[in-house]
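Start counting the sequence shown at 32; every next residue gets the next number (the numbering used here).
See below for the structure under consideration.
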Amino acid sequence: IAQIGVHDVVYVRAAFDLNGNVFKMHDIKAKVKFLDFWSSWCGKCRADMSEVMQYYNEFRDQGFEVLAVSVDYIEKSWKEAIKMDKLDFKYHGLFNRSLLSYLYGVAALPATYLLDEHNNIIGKNLHGQELWEAIRENLK
């Protein structure tokens with residue numbers, strides 16, 4: 032399994048949204064995208080989401096979008112975490128944990144990728160000020 036890195040291209044072939052509809056990564060039109068693989072049982076994932084929500088609110092009108100993709104096995108847990116944490120992102124997805132590891136070499140959560148408008152990876156596992164600066168710089 033190859034690890035993906037900066038300058039690789041990410042394709043989430045299909046994920047399911049909160050209503051059970053299938054969507055694809057290339058359907059999301061934004062200058063900068065933050066792809067966040069997380070789970071309701073991952074404490075660090077959920078703690079980081081409040082920061083990501085702040086950045087989303089700050090930058091979404093400038094072309095920033097978040098795709099929060101859970102690898103929960105239990106759909107109810109995923110939906111409850113979104114509601115409890117007030118995650119108002121437009122795009123939420125549910126993805127198979129085994130496929131995540133197989134396709135992308137992700138071994139631990141959270142796993143995050145900052146993408147350009149063509150889904151090229153421009154940052155990997157960025158947090159805090161480093162993430163904020165990368166979003167701001169790539170929206171110029």
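Even for Gly, the Cβ is constructed at its ideal location relative to N, Cα and C.
CA-CA distance, Ser101 and Val53? Their Cα atoms are separated by approximately 14 Å.
For the beta strand (DSSP E) containing Glu96, list its first residue and its last residue. 95-101
Straight-line Cα distance separating Met80 from Lys155: 16 Å
Contact set for Ala165: own chain, Cβ-Cβ below 8 Å, skip 5 residues either direction: Leu145, Ile153, Gly154, Leu157
By the three-class DSSP mapping on this structure, what secondary structure does Tyr104 have? coil
Can you tell me whether Asp67 is buried or exposed? The criterion is at least 16 other CB atoms within 10 Å of its CB, across all chains shown. buried
With DSSP as the reference, please indicate the residues paired to Gly124 in a beta bridge. Val100
Comparing alpha-carbon positions, which option in Ala139, Asp92, Ala112, Val97 lies nearest Leu162? Val97
Please classify Asp103 as buried or exposed, where buried requires at least 16 neighbouring CB atoms within 10 angstroms. That one is buried.
On the DSSP letters alone, give me the boundaries of the alpha helix (DSSP H) that Ala139 sits inside. Counting along the chain, no alpha helix (DSSP H) covers Ala139, and no H or E run does either.
Cβ shell of Lys75 (< 7 Å), same chain only, five flanking positions each side left out: Pro141
Leu170, buried or exposed, once every other Cβ within 10 Å from all chains shown has been counted against 16: exposed
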